[in-house]
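Under our numbering, the final residue of the sequence shown carries the number 409; numbering is consecutive throughout.
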Amino acid sequence: MNSDSLRLDDDALARLAADGESARVEFKERLSGDASRQIEEAVCAYANDLGGVGLPGVVFVGLRDDGSPAGIAVTDELLRALTDIRSNGNVLPPPMLLVERRVVAGADVAVVTVAPSDSPPVRFRGRIHVRNGPRRGLATAQEERVLNERRRFGDRPYDLRPFSGATIADLHRRQFEDEYLPNAVASDVLAANDRSYEQRLAAAKMIASTDDQRPTVLGLLVLGRQPRDFVGGSWVQFLRVDGRDLGDEIVDAETIDGPISDIVRRLEEKLHSHNRCRVDFVSADKERVTHLYPPAALQQFFRNAVMHRTYEGTNAPVRVTWFGDRIEIQSPGGPYGSVTVENFGRPGVVDYRNPNLAEAMRSLGYVQRFGAGIGTAQRLLREAGHPEARFDVEWTHVLVTVRPARH
Numbered sequence: 003m004n005s006d007s008l009r010l011d012d013d014a015l016a017r018l019a020a021d022g023e024s025a026r027v028e029f030k031e032r033l034s035g036d037a038s039r040q041i042e043e044a045v046c047a048y049a050n051d052l053g054g055v056g057l058p059g060v061v062f063v064g065l066r067d068d069g070s071p072a073g074i075a076v077t078d079e080l081l082r083a084l085t086d087i088r089s090n091g092n093v094l095p096p097p098m099l100l101v102e103r104r105v106v107a108g109a110d111v112a113v114v115t116v117a118p119s120d121s122p123p124v125r126f127r128g129r130i131h132v133r134n135g136p137r138r139g140l141a142t143a144q145e146e147r148v149l150n151e152r153r154r155f156g157d158r159p160y161d162l163r164p165f166s167g168a169t170i171a172d173l174h175r176r177q178f179e180d181e182y183l184p185n186a187v188a189s190d191v192l193a194a195n196d197r198s199y200e201q202r203l204a205a206a207k208m209i210a211s212t213d214d215q216r217p218t219v220l221g222l223l224v225l226g227r228q229p230r231d232f233v234g235g236s237w238v239q240f241l242r243v244d245g246r247d248l249g250d251e252i253v254d255a256e257t258i259d260g261p262i263s264d265i266v267r268r269l270e271e272k273l274h275s276h277n278r279c280r281v282d283f284v285s286a287d288k289e290r291v292t293h294l295y296p297p298a299a300l301q302q303f304f305r306n307a308v309m310h311r312t313y314e315g316t317n318a319p320v321r322v323t324w325f326g327d328r329i330e331i332q333s334p335g336g337p338y339g340s341v342t343v344e345n346f347g348r349p350g351v352v353d354y355r356n357p358n359l360a361e362a363m364r365s366l367g368y369v370q371r372f373g374a375g376i377g378t379a380q381r382l383l384r385e386a387g388h389p390e391a392r393f394d395v396e397w398t399h400v401l402v403t404v405r406p407a408r409h
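Right, dumping it as structure tokens:
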């Protein structure tokens, strides 16, 4: 986005002013007292775009709190002082903004239009300001994590970052050549390929490059001998509880770690062992085998949790807890990118915190079609007589709760 594309037309500007202060709009009567600092804080918050709406924020200088004109003179000096926000070093990295003299509500006002930053978090004098509705405040630790993750839209995603301290010896060569490559690369291409082991790893994004042979986070997750030694959250905690609360007796517990393929296989074996079958010989001519929960639905939820979780800055596992009356699957890391708390699970709304891990899981056969997992799982639950799964979505985690079939 450049400064020219930031310019809003008269109708759009009038609508924003008429709607009053909001997540995208702030009014200031004049540039005096604390107003200058408050405007810079607002610019910082709009640049951070915590809600991820991707739309510019606007500060109107010359409007009262009720949106009526304050009758100030919009001088060149005022416009220069507002333009200086971009270069005075208080707001870093420097925001993209446009300062104009415009006519709003029949009067001259100064309009500061601020673009969402490609490299959040943005700080004002060392502090991260964000906007929640018309309220402006400092970012919490979790909100800061959201902004850090969003920076990857203009930067290398976390799953492609090389991991300091890891070496190519920390990757399973046989697993790469015998399992991953045949699934990721067409057989004729593979047969004709005379690249070295290191060149193949680099092409598959498992190492940074042939010159920098440090494994990427992706390489450690997919091929690592001991991924958890480097990526602390690359594990799953499974619990089977004989009751409805964590305080009840635990009848089975297992820590599941290793490369992604091992985690998926071992966890699904564990779920299968508890998902006892019922064989019906009476109600039909042929025997019918049913499960407590549709296996394919559980599979979709679990694989989504592994694929979409955050692996950065946390040692927390994916937690799969099987209670007497439900299964809970909790994944660290909340919504990401274009997915928000409000639109989570909506058909067609999808984004990837770990796009290269998603690609690898697709190559390994763990994902059939991107963006369809939740919808497929919900359909399978309905068809088997279960209520739809409930999603509790927070900025820090996503919790999926699956209930037994209705009787």
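Each residue gets a CB set at the ideal place from its N, CA and C atoms; glycine is no exception.
(request) Pull up the CB-CB distance for Val395 and Phe303, whole angstroms please, since I reckon it's below 8 Å. (result) Your numbering for residue 395 matches position 393 in the sequence shown. Your numbering for residue 303 matches position 301 in the sequence shown. Contact doesn't hold; Cβ gap of about 14 Å is too wide.
(message) Once DSSP output is grouped into helix, strand and coil, what is the label at Phe155?
(response) Numbered from its first residue, the sequence shown carries residue 155 at position 153. Residue confidence for Phe155 is low, a pLDDT of 40 falling below 50, so the modelled location carries little weight; the figure read from the coordinates is stated next. If DSSP states are grouped into helix, strand and coil, Phe155 belongs with the helices.
(message) Please state the DSSP three-state secondary structure of Leu8.
(response) Position 6 of the sequence shown, counting from 1, holds the residue named residue 8. Three-state DSSP puts Leu8 in a helix.
(message) Judging by CA-CA distance, which residue of Arg103, Thr212 and Leu65 is the nearest neighbour of Arg9?
(response) In the sequence shown, residue 9 corresponds to position 7, counting from 1. It is Arg103.
(message) Nearest by alpha-carbon distance to Gly167: which of Arg175, Leu383, Val219 and Leu149 is it?
(response) Position 165 of the sequence shown, counted from the start, is the residue given in the question as residue 167. Checked all of Arg175, Leu383, Val219 and Leu149; the closest Cα to Gly167 is Val219.
(request) Compare the Cα-Cα distances from Pro297 to each of Thr316, Pro334, Glu181 and Asn277 and report the closest residue. (result) Start at 1 with the first residue of the sequence shown, and residue 297 comes out as number 295. With distances taken between Cα atoms, Pro297 lies closest to Asn277.
(request) Identify every residue that forms a DSSP beta bridge with Thr393. (result) One-based indexing of the sequence shown puts residue 393 at position 391. In the sequence under discussion, the amino acid at residue 393 is Phe, which differs from the Thr named in the question. DSSP lists Val402 as partners of Phe393.
(request) State yes or no: is the C-beta of Ala47 within less than 7 Å of the C-beta of Val132? (result) Residue 47 sits at position 45 when you count from the first residue of the sequence shown. Residue 132 sits at position 130 when you count from the first residue of the sequence shown. Yes; because the gap between Cβ atoms is below 7 Å, this pair is in contact.
(message) I'd like the span of the alpha helix (DSSP H) that includes Ala141, first residue to last.
(response) For the purposes of this step, residue 141 is identified with residue 139 of the sequence shown, where counting begins at 1. Segment: none, Ala141 is in no alpha helix (DSSP H) and carries neither H nor E.
(request) Could you tell me the boundaries of the alpha helix (DSSP H) in which Gly412 lies? (result) Examination of residue 412 is not possible in this model, given that the chain is present from 3 through 409 alone.
(message) Does Gly221 come out as helix, strand or coil in the three-state DSSP assignment?
(response) Residue mapping note: residue 221 aligns to position 219 of the sequence shown, counting from 1. DSSP places Gly221 in helix when its eight states are reduced to three.
(request) Using 10 angstroms around the beta-carbon of Arg408, count the other beta-carbons present and answer buried if the total reaches 16, otherwise exposed. (result) Walking along the sequence shown from the start, residue 408 turns up at place 406. Arg408 comes out exposed.
(request) Jot down the residue ranges of each uninterrupted beta strand (DSSP E) in the segment 51-121, minimum 3 residues, whole runs only, in chain order. (result) 59-63, 99-106 and 109-116
(request) May I ask which residues mark the beginning and end of the beta strand (DSSP E) holding Ser333? (result) Position 331 of the sequence shown holds residue 333. Element bounds for Ser333: Ile329 to Pro334.
(request) Could you tell me the distance, in whole angstroms, from the CA atom of Leu183 to the CA atom of Glu43? (result) Your numbering for residue 183 matches position 181 in the sequence shown. Your numbering for residue 43 matches position 41 in the sequence shown. Each residue's Cα considered, the two are about 50 Å apart.
(message) Buried or exposed, going by whether 16 or more other CB atoms sit within 10 Å of the CB of Asn134?
(response) Within the sequence shown, numbered from 1, the residue matching residue 134 stands at position 132. Exposed.
(request) Might you give, ordered along the chain, the residues of its own chain that have their beta carbon closer than 6 Å to the beta carbon of Thr85, omitting 5 neighbours on each side? (result) Against the sequence shown, residue 85 aligns to sequence position 83. Once the five neighbours on either side are set aside, the close Cβ partners of Thr85 are Val101.
(request) Assign Arg158 to buried or exposed, taking buried as 16 or more other Cβ atoms, counted over all protein chains shown, within 10 Å of its Cβ. (result) The sequence position of residue 158 within the sequence shown is 156, counting from 1. When all chains shown are included, Arg158 counts as exposed.
(request) Answer with buried or exposed for Glu28, where buried requires no fewer than 16 other C-beta atoms within 10 angstroms of its C-beta. (result) Working through the sequence shown from its first residue, we reach residue 28 at position 26. Buried, by the Cβ-count rule.
(message) Can you give me the C-alpha to C-alpha distance between Ala205 and Ser211, rounded to a whole angstrom?
(response) In the sequence shown, the residue the question calls residue 205 occupies position 203. In the sequence shown, the residue the question calls residue 211 occupies position 209. Spanning the two alpha carbons is a distance of roughly 8 Å.
(message) Just verifying my parser: in three-state terms, what is the DSSP assignment at Asp13?
(response) The count along the sequence shown starts at 1 and reaches residue 13 at position 11. Reduced to three states, the DSSP call for Asp13 is helix.
(message) DSSP three-state label for His131, please.
(response) For this step, residue 131 is matched to residue 129 along the sequence shown. Strand, per DSSP.
(request) Rounded to whole angstroms, what's the CA-CA distance from Leu18 to Gly64? Just pull it up for me. (result) Counting from one through the sequence shown, the residue named residue 18 turns up at place 16. Counting from one through the sequence shown, the residue named residue 64 turns up at place 62. C-alpha separation (whole angstroms): 14 Å.
(message) For a test of the three-state rule: what should DSSP assign to Pro261, helix, strand or coil?
(response) As a first step, residue 261 is located in the sequence shown; it is residue number 259 there, counting from the start. In the structure shown, Pro261 sits in coil (DSSP, three-state: anything other than H, G, I, E or B).
(message) Measuring alpha carbon to alpha carbon, tell me which residue in Ser189, Asn185, Ala193 and His174 is nearest Glu200.
(response) Start at 1 with the first residue of the sequence shown, and residue 200 comes out as number 198. Ranking Ser189, Asn185, Ala193 and His174 by Cα distance to Glu200 puts His174 first.
(request) Evaluate Asp172 with the Cβ neighbour count: other Cβ atoms within 10 Å of its Cβ, from every protein chain shown; 16 or more gives buried, anything less gives exposed. (result) Locating residue 172 in the sequence shown gives position 170, where the first residue counts as 1. Asp172 comes out buried.
(request) Could you tell me the boundaries of the beta strand (DSSP E) in which Val351 lies? (result) Locating residue 351 in the sequence shown gives position 349, where the first residue counts as 1. Looking at the DSSP string, Val351 is not in any beta strand (DSSP E), and its letter there is neither H nor E.
(request) Can you tell me which of Ile74, Thr323 and Gly336 puts its alpha carbon nearest to the alpha carbon of Glu31? (result) Stepping through the sequence shown from its first residue, residue 31 is reached at position 29. For Glu31, the nearest C-alpha among the options comes from Ile74.
(message) Please report the distance separating the alpha-carbon of Gly377 from that of Trp237.
(response) Walking along the sequence shown from the start, residue 377 turns up at place 375. Walking along the sequence shown from the start, residue 237 turns up at place 235. One C-alpha to the other measures close to 26 Å.
(request) Could you round the C-beta distance between Pro122 and Leu149 to whole angstroms and report it? I think they count as a contact, below 8 Å. (result) Locating residue 122 in the sequence shown gives position 120, where the first residue counts as 1. Locating residue 149 in the sequence shown gives position 147, where the first residue counts as 1. Correct: roughly 4 Å between the Cβ atoms.
(request) Note the first and the last residue of the continuous beta strand (DSSP E) segment covering Arg321. (result) For this step, residue 321 is matched to residue 319 along the sequence shown. Element bounds for Arg321: Val320 to Trp324.
(message) Taking the alpha-carbon of Pro229 as reference, which of Arg246, Phe240 and Ser263 has the nearest alpha-carbon?
(response) Here residue 229 refers to the residue found at position 227 of the sequence shown. Looking at the Cα atoms, Ser263 is the closest of the given residues.
(request) Measure the alpha-carbon distance for Ala49 versus Ile329 and round it to whole angstroms. (result) Counting from 1 along the sequence shown, the entry for residue 49 is found at position 47. Counting from 1 along the sequence shown, the entry for residue 329 is found at position 327. Distance between the alpha carbons of Ala49 and Ile329: 40 Å.
(message) So for Asp231, helix, strand or coil by DSSP?
(response) Taking the sequence shown and counting its residues from 1, one reaches residue 231 at position 229. Here Asp231 sits in helix by DSSP.
(request) Counting only the same chain and skipping the five closest in sequence on each side, list residues whose C-beta sits under 6 Å from that of Gly306. (result) For the purposes of this step, residue 306 is taken as residue 304 along the sequence shown, with counting starting at 1. The sequence shown places Asn at residue 306, not Gly. Closer than 6 Å at Cβ, skipping near neighbours: Gly375.
(message) For Ala16 and Phe62, what's the separation of their Cα atoms in angstroms?
(response) Along the sequence shown, read from residue 1 onward, the residue named residue 16 stands at position 14. Along the sequence shown, read from residue 1 onward, the residue named residue 62 stands at position 60. For Ala16 and Phe62, the distance between alpha carbons rounds to 11 Å.
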